[in-house]
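Respectively, the protein sequence lines represent chains A and B.
Sequential numbering from 1 applies to the first sequence in the numbering used here.
Sequential numbering from 1 applies to the second sequence in the numbering used here.
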Amino acid sequence: MAEQTLNIPQLVVFIIVAVLSVRWYLAKPPAGRTRIAPVPHRDSRINPTHVDQLAQMFPQCDRRQIAWDLQRNGGNVAATTERVLSGRGLDTPPASFNPPLSRSTPPSRTPTPAAKPSQPDLITRYNLASKISSSADSATNTSESKGKAWSSDRDERQANLQRRREEMILAARRKLEQKEKAKA
Amino acid sequence: MATSSASKRLFKEYRGLSNDPPEGITAGPVTEDDMFLWEALIQGPEGTPFEGGVFPAELKFPKDYPLAPPTMKFLTEMWHPNVYPDGRVCISILHPPGDDPHQYEQASERWSPIQSTEKILISVMSMLAEPNDESPANVDAARMWRERRSDYEQIVRQNVRKSLGL
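This is the structure in structure tokens:
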């Protein structure tokens, strides 16, 4: 009797182990298949504009590497950005990896120079074109008004800050202009 | 609460920077409705190719400032070893102490609540004069700065002229 009671738990354990291992064996091939299956599916998720964006941000990175990283993290641009910034670098994609880049590469050449002028010069940025000519006369006033930069009035503060910005830019431009005139 | 103490601190720094601005630096919130977004102008240091230039940058402060540092991004084209091509500045004072993937920065150089926006701006100004070659954010600019200094300086001067609309 004692022998039998000992054997029953052993038998149960054996059966459980057997069932689990059989299920594991059966589950393995489908799991392998499902891991491959999403790849073409995810492929469509790589947004070429995301690749463009990242390639512009990190010209040192290969576009294929960017696409590969995006594909593996499910198109998460932030995660790829973080990865590059953290210095870990991007993995080299397998040779079989063919991202849909050929289509987006040529257009990306043109947007790059086009994107550059989106950073306007300071004169445009702060609407100073009209003040360039008159700035020479106001040069004397600026040093006087510098005294009270802080005001308890919110709008006045804002205006003061704005004025200080403009003065700084116009003064720099004036100086550079004079320097170039002197050279010529 | 955290947000209000952060904006209080930013307001104090704004007042300090307006009353006693460091040479060549103008900084403040874009509008006082949002104290967490600032715009700064930094003058190029004299005796460097950046001399004569004025460089606008955007500072974004986190809600838990000053526990965490702001991020800083130049708004005009910058050709500098420690500025990413998209304008973001990579300098030790902008990195929190716990986060140092490269392990070469000293804790004292990094961000802590006793630092300030003014110190960041001054550090960035001196970074313009003396790039840190150890942590290039713009690899191409770093290489050019090392190997072809005159080409590097020419690009910088061109950017200065362009940014002033000349």
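Just so you know, even glycine gets a beta-carbon here, dropped at the ideal spot from N, CA and C.
Given the structure is predicted, the values throughout are model-derived calculations rather than measurements.
{"Item": "Bounding residues of the beta strand (DSSP E) (the contiguous stretch that carries B/Lys73)", "Value": "71-74"}
{"Item": "Cross-strand partners of B/Asp34 (DSSP beta bridge)", "Value": "B/Thr31"}
{"Item": "According to DSSP, residues forming a beta bridge with B/Phe55", "Value": "B/Ile42"}
{"Item": "Cβ-based neighbour list, B/Pro97, same chain, cut-off 8 Å, excluding 5 preceding and 5 following", "Value": "Ala107, Arg110, Trp111, Ser112"}
{"Item": "Residues of its chain near A/Pro93, where Cβ-Cβ distance is below 7 Å and the 5 sequence neighbours each way are ignored", "Value": "Arg64, Gln65, Trp68"}
{"Item": "Interfacial residues, the stretch 48-62 of chain A to chain B, with Cβ spacing under 8 Å", "Value": "Gln56, Met57, Phe58, Pro59, Gln60"}
{"Item": "The stretch 119-127 of chain A in contact with the stretch 148-166 of chain B per 3-pair CB rule at 8 Å", "Value": "yes"}
{"Item": "Reduced DSSP category for A/Thr92 - H, G, I as helix; E, B as strand; rest coil", "Value": "coil"}
{"Item": "B/Gln158 to B/Leu59 span [Cα, whole Å]", "Value": "25 Å"}
{"Item": "Residues in the stretch 129-143 of chain B having any Cβ partner in chain A nearer than 8 Å", "Value": "Val139, Asp140"}
{"Item": "For B/Ile25: DSSP bridge partner residues", "Value": "B/Ile42"}
{"Item": "The stretch 136-143 of chain B / the stretch 73-81 of chain B touching (three or more Cβ pairs under 8 Å)", "Value": "yes"}
{"Item": "Contacts around B/Glu13, its chain only, beta-carbon distance under 8 Å, and the 5 residues preceding and following it disregarded", "Value": "Ser116, Thr117, Glu118"}
{"Item": "Same chain, Cβ closer than 6 Å to B/Val30, neighbours up to 5 away in sequence not counted", "Value": "Leu37, Glu39"}
{"Item": "Straight-line gap, A/Gln53 to A/Leu20 (C-alpha atoms, nearest Å)", "Value": "47 Å"}
{"Item": "6 Å CB neighbourhood of B/Arg88 in its chain, flanking five on each side removed", "Value": "Lys73"}
{"Item": "Under 7 Å (Cβ pairs) to chain B, residues found in the stretch 164-176 of chain A", "Value": "Arg164, Arg165, Met168, Ile169, Ala172, Arg173, Lys175, Leu176"}
{"Item": "Cβ shell of A/Trp150 (< 8 Å), same chain only, five flanking positions each side left out", "Value": "Arg157, Asn160"}
{"Item": "Chain A contacts made by the stretch 26-40 of chain B, where a contact means CB separation under 9 Å", "Value": "Thr26, Ala27, Gly28, Pro29, Thr31, Glu32, Glu39"}
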